[in-house]
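Counting in the numbering used here, the sequence shown runs from 3 upward without gaps. For every residue, glycine included, the Cβ atom is placed at its ideal position computed from N, Cα and C. Just so you know, these numbers come straight off a predicted model, no measurement behind them.
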Amino acid sequence: MEARGMPPSVAMYNAIIRKLCEDGKMKEVNGLLKEMDERKVQADSVTCNTLINSYSKKGDMSSTCKVKRRMVESGLQLDHFTYKALSSMDSARA
Numbered sequence: 003m004e005a006r007g008m009p010p011s012v013a014m015y016n017a018i019i020r021k022l023c024e025d026g027k028m029k030e031v032n033g034l035l036k037e038m039d040e041r042k043v044q045a046d047s048v049t050c051n052t053l054i055n056s057y058s059k060k061g062d063m064s065s066t067c068k069v070k071r072r073m074v075e076s077g078l079q080l081d082h083f084t085y086k087a088l089s090s091m092d093s094a095r096a
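Dropping the structure here:
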């Protein structure tokens, strides 16, 4: 696609990130996030919710909170998907 003058969009990155998260390949996810930053592709709420959900399922509270904090700092709104992922982590810890 890039060879045809169509740079990767946030939606394309989100699809790849979702699959990598499902496969537990967080190192590759971090590489894509770095690539997005370098290409000035802004993460959106789907990106953040995917990460929050993945980290929550793994029980990684630190990374979950870090993504949530970045989400809020960048002006993205927390939505029902965000709260669902966060509440599932709270339930798992109880």
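{"Query": "When we look at the beta-carbon of S58 and count the other beta-carbons within 10 Å, is it buried (16 or more) or exposed?", "Result": "buried"}
{"Query": "Kindly indicate which three-state DSSP category A13 falls into: helix, strand or coil?", "Result": "helix"}
{"Query": "Are the stretch 25 to 42 and the stretch 67 to 74 touching, with three or more C-beta to C-beta distances below 8 Å?", "Result": "no"}
{"Query": "Between which two residues does the alpha helix (DSSP H) carrying G33 extend?", "Result": "28 to 40"}
{"Query": "Cutting at 6 Å between CB atoms, please list the residues of its own chain near S47, excluding the five before and the five after it.", "Result": "L78"}
{"Query": "In terms of residue numbering, what span does the alpha helix (DSSP H) encompassing S56 cover?", "Result": "47 to 60"}
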